[in-house]
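Sequence lines, in order, name chains A and B. Last residue of the first sequence: 172 in this note's numbering, with the numbers rising by one and none dropped. Last residue of the second sequence: 764 in this note's numbering, with the numbers rising by one and none dropped. Ideal Cβ positions, reconstructed from N, Cα and C, are used throughout, including at glycine. Encoded as structure tokens, the structure appears first; notes follow it.
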Amino acid sequence: MITIQVNGRRESVRADPDTPLLYVLRNDLGLTGPKFGCGLAQCGACTVHLDGKAIRSCLTPVTTAQGAKVTTLEGLASANGALHAVQQAFIDEQAAQCGYCINGWLMTAAALLESNPAATDEEIRRGLSGLKCRCGTHMSILRAVKLAATRLAAGSKA
Amino acid sequence: MKTLAIDQFVTHRGTTRRDFITAGGALVVSFSLPGCAVNAVTAGAPLPAAGAPWPAVIDRAAIDSWIRIAADGSVTAAVGKIEAGMGIGTAFAQVVAEELDVPLERVTLVMGDTATTPDQRGTGGSNGIMEGGSALRKAAAEGRAALLALAAAKLHAPVEALRTREGFVFVAAEPARRVAYGDLLGGQRFDVKVGDHPKTKDARTYTVVGKPVPRFDIPPKVTGAYTYVTDLRVPGMLHGRVIRPPEAGAHLLRVDGSPTIAGLVRVVRKGDFLGVVCEREEQAIAAASKLVVEWSRPAAFFWRDYDELYRHLRAEKPKASKRGDEKGDVEAALRMATRVLEARYEYPFQSHASMGPACAIADVRDGGAVVWFGGPKPYPLRKALADLLALPAEKVRVIWMPGPGSYGMNDADDCAADAALLASAVGRPVRLQYMRAEGTGWDPKGPPIAFNLRAGINSSGGVFAWDYEARGFSGRVRNNGTDVAGDTLAGQLVGGHKPKSTDWPQFSAESYRFPNARKVSHTIDWNRSMTTGLRTAHLRDPDGMATCFASESFIDEAAFATGVDPVEFRLRYLADAADIAVVRAAAQKAGWQTRVGPRPRDGGRMAVGRGIAYAPRNGSVVAIVAEVEVDRDTGRYRVRRFTCAHDCGFVVNPLSLKGTIEANLIQGMSRAMHEAVRFDRSRVLSVDWLTYPIVDMTEVPDAIDIVLVNNRPEARSRGAGEPSTRPVAAAIANALFDATGARLRRVPLTPEALLAAMKA
Numbered sequence: 015m016i017t018i019q020v021n022g023r024r025e026s027v028r029a030d031p032d033t034p035l036l037y038v039l040r041n042d043l044g045l046t047g048p049k050f051g052c053g054l055a056q057c058g059a060c061t062v063h064l065d066g067k068a069i070r071s072c073l074t075p076v077t078t079a080q081g082a083k084v085t086t087l088e089g090l091a092s093a094n095g096a097l098h099a100v101q102q103a104f105i106d107e108q109a110a111q112c113g114y115c116i117n118g119w120l121m122t123a124a125a126l127l128e129s130n131p132a133a134t135d136e137e138i139r140r141g142l143s144g145l146k147c148r149c150g151t152h153m154s155i156l157r158a159v160k161l162a163a164t165r166l167a168a169g170s171k172a
Numbered sequence: 005m006k007t008l009a010i011d012q013f014v015t016h017r018g019t020t021r022r023d024f025i026t027a028g029g030a031l032v033v034s035f036s037l038p039g040c041a042v043n044a045v046t047a048g049a050p051l052p053a054a055g056a057p058w059p060a061v062i063d064r065a066a067i068d069s070w071i072r073i074a075a076d077g078s079v080t081a082a083v084g085k086i087e088a089g090m091g092i093g094t095a096f097a098q099v100v101a102e103e104l105d106v107p108l109e110r111v112t113l114v115m116g117d118t119a120t121t122p123d124q125r126g127t128g129g130s131n132g133i134m135e136g137g138s139a140l141r142k143a144a145a146e147g148r149a150a151l152l153a154l155a156a157a158k159l160h161a162p163v164e165a166l167r168t169r170e171g172f173v174f175v176a177a178e179p180a181r182r183v184a185y186g187d188l189l190g191g192q193r194f195d196v197k198v199g200d201h202p203k204t205k206d207a208r209t210y211t212v213v214g215k216p217v218p219r220f221d222i223p224p225k226v227t228g229a230y231t232y233v234t235d236l237r238v239p240g241m242l243h244g245r246v247i248r249p250p251e252a253g254a255h256l257l258r259v260d261g262s263p264t265i266a267g268l269v270r271v272v273r274k275g276d277f278l279g280v281v282c283e284r285e286e287q288a289i290a291a292a293s294k295l296v297v298e299w300s301r302p303a304a305f306f307w308r309d310y311d312e313l314y315r316h317l318r319a320e321k322p323k324a325s326k327r328g329d330e331k332g333d334v335e336a337a338l339r340m341a342t343r344v345l346e347a348r349y350e351y352p353f354q355s356h357a358s359m360g361p362a363c364a365i366a367d368v369r370d371g372g373a374v375v376w377f378g379g380p381k382p383y384p385l386r387k388a389l390a391d392l393l394a395l396p397a398e399k400v401r402v403i404w405m406p407g408p409g410s411y412g413m414n415d416a417d418d419c420a421a422d423a424a425l426l427a428s429a430v431g432r433p434v435r436l437q438y439m440r441a442e443g444t445g446w447d448p449k450g451p452p453i454a455f456n457l458r459a460g461i462n463s464s465g466g467v468f469a470w471d472y473e474a475r476g477f478s479g480r481v482r483n484n485g486t487d488v489a490g491d492t493l494a495g496q497l498v499g500g501h502k503p504k505s506t507d508w509p510q511f512s513a514e515s516y517r518f519p520n521a522r523k524v525s526h527t528i529d530w531n532r533s534m535t536t537g538l539r540t541a542h543l544r545d546p547d548g549m550a551t552c553f554a555s556e557s558f559i560d561e562a563a564f565a566t567g568v569d570p571v572e573f574r575l576r577y578l579a580d581a582a583d584i585a586v587v588r589a590a591a592q593k594a595g596w597q598t599r600v601g602p603r604p605r606d607g608g609r610m611a612v613g614r615g616i617a618y619a620p621r622n623g624s625v626v627a628i629v630a631e632v633e634v635d636r637d638t639g640r641y642r643v644r645r646f647t648c649a650h651d652c653g654f655v656v657n658p659l660s661l662k663g664t665i666e667a668n669l670i671q672g673m674s675r676a677m678h679e680a681v682r683f684d685r686s687r688v689l690s691v692d693w694l695t696y697p698i699v700d701m702t703e704v705p706d707a708i709d710i711v712l713v714n715n716r717p718e719a720r721s722r723g724a725g726e727p728s729t730r731p732v733a734a735a736i737a738n739a740l741f742d743a744t745g746a747r748l749r750r751v752p753l754t755p756e757a758l759l760a761a762m763k764a
């Protein structure tokens with residue numbers, strides 16, 4: 015049995031230690047926010063937070079998550095249900111087409127703004143450059159992340 | 005009357021009805037379909053195949069096939085289209101709410117289930133609003149008329165004295181005398197036919213259609229609650245993976261018959277089709293890579309590179325040739341011309357490269373089949389799967405669920421067929437998701453085309469001859485979707501199945517009026533590709549990006565050759581008023597600077613340029629101005645701004661349309677700048693995002709300006725899913741010419757090619 019902590023809950027699963035975290039999250043724990051996009055850490059659709067850092071769960075063995083805090087898209091909102099600023103901004107900017115990649119953008123942007131709340135246009139672009147979106151939703155995603163950054167900055171000043 | 009309770013369908017809000025029920029019973033709908041066997045489905049359980057047959061046809065003439073009103077007044081609308089991520093589900097709900105006079109939030113859409121929704125073939129050709137919206141509008145209008153008739157009896161008032169609002173019928177003079185829709189029908193069927201000409205509302209009075217309603221599917225997408233086909237789990241489900249031939253045309257010789265691999269349930273072999281089924285997903289992935297397989301080594305029949313491919317396309321005798329618009333005598337005019345302009349353009353194989361490789365879940369047993377998949381055309385696929393499994397169509401149910409974006413005919417249908425073969429072999433539900441290499445390396449590709457273009461210029465400097473020749477592999481258009489097994493990879497690999505997909509001529513569509521003009525499209529045989537990763541099918545705006553790239557780039561060449569500004573040239577020769585209007589609108593919005601030939605060099609390292617291209621598409625028309633900035637030292641460049649003038653008639657939801665247009669431009673930009681499927685003489689080498697690069701966030705423009713043209717209630721709503729993709733490559737190539745004086749005639753428009761052209 016492997017025990018990991020996901021979205022504030024301790025979970026025990028029976029899986030081979032090499033099993034990528036993604037399959038455990040999706041198939042054993044029913045957390046389908048992270049998606050399988052490439053299995054090669056090239057697209058970011060599988061992104062989750064490991065102790066607050068955005069990582070690619072498709073190539074991360076489940077054992078790496080032992081003793082760490084895993085957060086998936088399902089756990090990004092506050093416990094009281096209030097959406098994360100990034101989620102709300104994506105809704106406000108209508109930033110999704112098919113939406114299959116959107117988990118990666120949300121999780122990566124949330125981690126990015128956490129570590130650099132005053133990120134510039136260039137820093138945001140560079141920080142998100144490792145993610146793919148095949149539909150071409152980039153314009154609204156970029157607007158949304160900037161909107162979230164502005165709101166977070168305003169909130170932290172308040 | 006028999007009742008069909010549907011528990012497992014996807015609504016436009018992205019959740020299954022089960023979610024609605026567990027979320028607090030907000031929606032309790034029970035469809036009762038005519039002539040249908042009892043088929044209660046347990047929430048979350050696989051649909052028992054024993055529940056078949058499902059109706060062969062959902063009666064499109066009955067209101068009840070499109071609109072249901074529950075006793076609580078909630079409305080469910082069914083449509084034979086699907087949500088491809090552009091917000092069409094929300095647009096459909098707007099249409100129903102508008103025409104039926106119910107609150108928008110009370111409308112739920114059900115889409116793409118062959119057993120419960122009318123067969124409209126599915127989505128494709130940017131026809132969702134035109135076909136799906138139109139059918140719903142008529143059914144809802146007829147439904148409203150039926151409700152008025154029922155209310156007349158109940159309220160003891162003539163129909164003329166009644167009005168409808170917010171789900172109620174009321175007496176106009178006494179609004180308190182009213183009755184709710186739910187009470188009028190009591191959850192029962194309308195039992196009324198949709199007439200030929202139902203009285204629909206005057207579009208000028210619309211209060212819901214035409215408004216920027218936020219999409220219903222976006223909140224669940226950003227919280228992770230949206231249920232994609234990849235997220236569906238059914239009890240007893242196993243996991244499958246497939247193993248493809250390593251070289252084009254290779255046959256399966258031998259498979260290790262009894263491998264000891266953890267979790268392996270079955271190795272499934274049928275002809276050259278090979279797959280594994282395991283208990284767990286990661287086991288199936290491991291099993292597919294560990295399996296010892298021997299394949300034949302066929303003679304290579306791809307090409308060394310694109311140079312060789314385009315030579316092949318130009319040299320090969322066509323299997324079919326079609327002539328398009330022809331006017332005057334082009335050959336004679338070219339002989340008389342004082343100057344003949346000639347150019348060759350080329351457009352490569354491109355992949356759908358959907359964000360996730362396709363996924364499907366199949367349950368095939370007891371003489372029936374249920375398949376969940378994420379492609380746009382479930383109705384024809386039902387026939388193809390029946391063909392593949394040798395079952396009658398009534399025993400097959402295909403249920404669409406949202407998948408990764410598809411942009412045409414991606415790998416979704418193939419995956420459904422593969423999953424069906426695997427499930428049929430093990431007698432349990434099997435979930436198959438392809439790996440990235442199958443998604444990019446084996447999806448049907450947009451076809452390559454080589455163009456030969458000529459223009460004749462007369463003594464007064466006018467273009468008086470236009471000669472367009474396209475020589476391409478057919479896009480193997482599946483006119484009706486994938487409706488035979490032979491058009492699936494599984495059918496081809498198993499063998500014995502013939503495709504039905506057909507050739508489609510590759511003509512450009514602009515309305516230029518030259519005194520002598522000819523268009524010829526030659527289709528080059530590519531039937532050998534059917535079992536390979538270079539098999540072709542429709543990729544967003546089939547052939548449109550390619551034909552427009554060649555034609556609209558060459559128009560710019562003709563403008564330059566005749567000493568005319570590119571916008572002025574287009575306005576001078578265009579025939580269609582709608583086309584002229586978008587060219588004008590785009591130029592005006594972009595602040596077009598009139599200029600003949602490239603922008604004069606200012607001596608700096610960075611060069612800026614602007615280019616225009618336009619394209620009509622099936623009643624819609626789009627003009628795009630691209631503004632680029634080029635590093636002369638490296639050839640690297642960036643599109644800084646797009647301006648898009650877009651005419652698709654009356655816009656149902658301008659907010660969704662904006663997202664759709666922006667995404668089309670960025671995807672088009674990606675295809676223009678980066679994309680060509682790589683191959684060697686026997687293999688497809690583009691198998692992931694490193695070998696098939698697409699656009700990233702550092703490259704996208706600073707701004708996209710959109711001008712909606714002809715957006716008025718009187719203008720018929722046309723498609724918007726694809727048209728704005730079409731002129732993107734040409735607009736960028738024309739802008740690069742303006743910036744540098746270098747003309748790129750082959751997609752992708754790479755920095756290396758630009759640098760070489762600048763030095764030439």
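Check                                                                                                                                                                                          : Outcome
Is Phe558 (chain B) near the ligand SAH, in the sense that its beta carbon is under 7 Å from a heavy atom of that ligand?                                                                      : Absent from the structure shown: the ligand SAH. Ligands present: none.
Using beta carbons (cut-off 8 Å, strictly below), is Glu146 (chain B) in contact with chain A?                                                                                                 : no
Which residue comes first and which comes last in the beta strand (DSSP E) that contains Leu242 (chain B)?                                                                                     : 242-246
Nearest by alpha-carbon distance to Gly663 (chain B): which of B:Leu154, B:Val217, B:Ala153, B:Phe174 is it?                                                                                   : B:Val217
Could you tell me which chain A residues have their CB closer than 7 Å to the CB of Ser358 (chain B), listed as they occur along the chain?                                                    : Arg148
Going along chain B in order, which residues have a C-beta closer than 7 Å to the C-beta of Met153 (chain A)?                                                                                  : Glu666, Ile670, Val704, Ile708
With DSSP collapsed to three states, give me the class of Ala528 (chain B).                                                                                                                    : For the record, residue 528 (chain B) in the displayed sequence is Ile; it is not Ala. Looking at Ile528 (chain B) - three-state DSSP - the assignment turns out to be strand.
Can you check whether the C-beta of Tyr641 (chain B) is within less than 8 Å of a C-beta belonging to chain A?                                                                                 : no
Using 8 Å as the threshold, is the C-beta distance between Arg539 (chain B) and Lys449 (chain B) below it?                                                                                     : yes
I'd like to confirm the pairing. Which residues does DSSP put opposite Gln354 (chain B) in its beta bridges?                                                                                   : B:Gly450
For Met549 (chain B), decide whether its Cβ has a neighbour in chain A, counting only Cβ atoms nearer than 8 Å.                                                                                : no
Per DSSP, which one or two residues make a beta bridge with Gly412 (chain B)?                                                                                                                  : B:Leu543
At a CB distance below 7 Å, what residues from the stretch 89-107 of chain B approach chain A? Give them in sequence order.                                                                    : Gly89, Met90
Looking only at C-alpha atoms, which of B:Ala56, B:Ala101, B:Thr127, B:Val106 sits nearest to Gly723 (chain B)?                                                                                : B:Thr127
Between the Cα of Tyr210 (chain B) and the Cα atoms of B:Glu103, B:Ser293, B:Pro223, which residue gives the shortest distance?                                                                : B:Glu103
Relative to chain B, which residues along the stretch 52-70 of chain A have a C-beta separation below 9 Å, given in chain order?                                                               : Cys52, Gly53, Leu54, Gln56, Cys57, Ala59
Alpha carbon to alpha carbon, what distance is there between Ala184 (chain B) and His160 (chain B)?                                                                                            : 15 Å
With a threshold of 8 Å between beta carbons, is Ile698 (chain B) in contact with chain A?                                                                                                     : yes
With burial defined as no fewer than 16 other Cβ atoms inside 10 Å of the residue's Cβ, what is the status of Ala761 (chain B): buried or exposed?                                             : buried
For a contact meaning CB atoms closer than 7 Å, what does Ser129 (chain A) contact in chain B?                                                                                                 : Near Ser129 (chain A) there are no residues of chain B at all, since even the closest Cβ is about 17 Å away, more than 7 Å.
Given that a residue counts as buried once 16 or more other Cβ atoms are within 10 Å of its Cβ, and exposed if not, what is Arg70 (chain A)?                                                   : buried
In whole angstroms, what is the alpha-carbon distance linking Ala649 (chain B) and Arg621 (chain B)?                                                                                           : 14 Å
Where Ala746 (chain B) and Ala469 (chain B) are concerned, what is the direct C-alpha to C-alpha distance, given to the nearest angstrom?                                                      : 24 Å
Chain B beta carbons: is any one of them nearer than 8 Å to that of Ala93 (chain A)?                                                                                                           : no
Can the beta-carbon of Leu236 (chain B) be found less than 8 Å from the beta-carbon of Ile86 (chain B)?                                                                                        : no
Starting from Gly613 (chain B), trace the beta strand (DSSP E) in both directions and tell me its first and last residue.                                                                      : 610-621
Might you give, ordered along the chain, the residues of its own chain that have their beta carbon closer than 8 Å to the beta carbon of Ala165 (chain B), omitting 5 neighbours on each side? : Val175, Ala176, Ala177
Which partner residues of Asn131 (chain B) appear in the DSSP bridge assignment?                                                                                                               : Per DSSP, none; premise fails for Asn131 (chain B).
Taking only beta-carbon positions, decide if Tyr230 (chain B) is within less than 8 Å of chain A.                                                                                              : yes
Taking buried to mean at least 16 other C-beta atoms within 10 Å of its own C-beta, is Gln597 (chain B) buried or exposed?                                                                     : exposed
Can you tell me which of the three DSSP states Pro179 (chain B) falls into?                                                                                                                    : strand
Among the residues of its own chain, which have a CB less than 7 Å from the CB of Ala347 (chain B), if the five just before and after it don't count?                                          : Leu457, Phe558, Glu561, Arg749
In chain order, which alpha helix (DSSP H) runs of at least 4 residues are fully inside the stretch 200-230 of chain B?                                                                        : 222-227
Using the C-alpha atoms, what's the distance from Thr120 (chain B) back to Leu8 (chain B)?                                                                                                     : Confidence is the limiting factor: at Leu8 (chain B) the pLDDT is only 29, short of 50, which leaves the residue's position unreliable, though a coordinate-based value still follows. Straight-line Cα distance between these residues: approximately 9 Å.
Considering just the uninterrupted stretch of the alpha helix (DSSP H) at His316 (chain B), what are its terminal residues?                                                                    : 310-319
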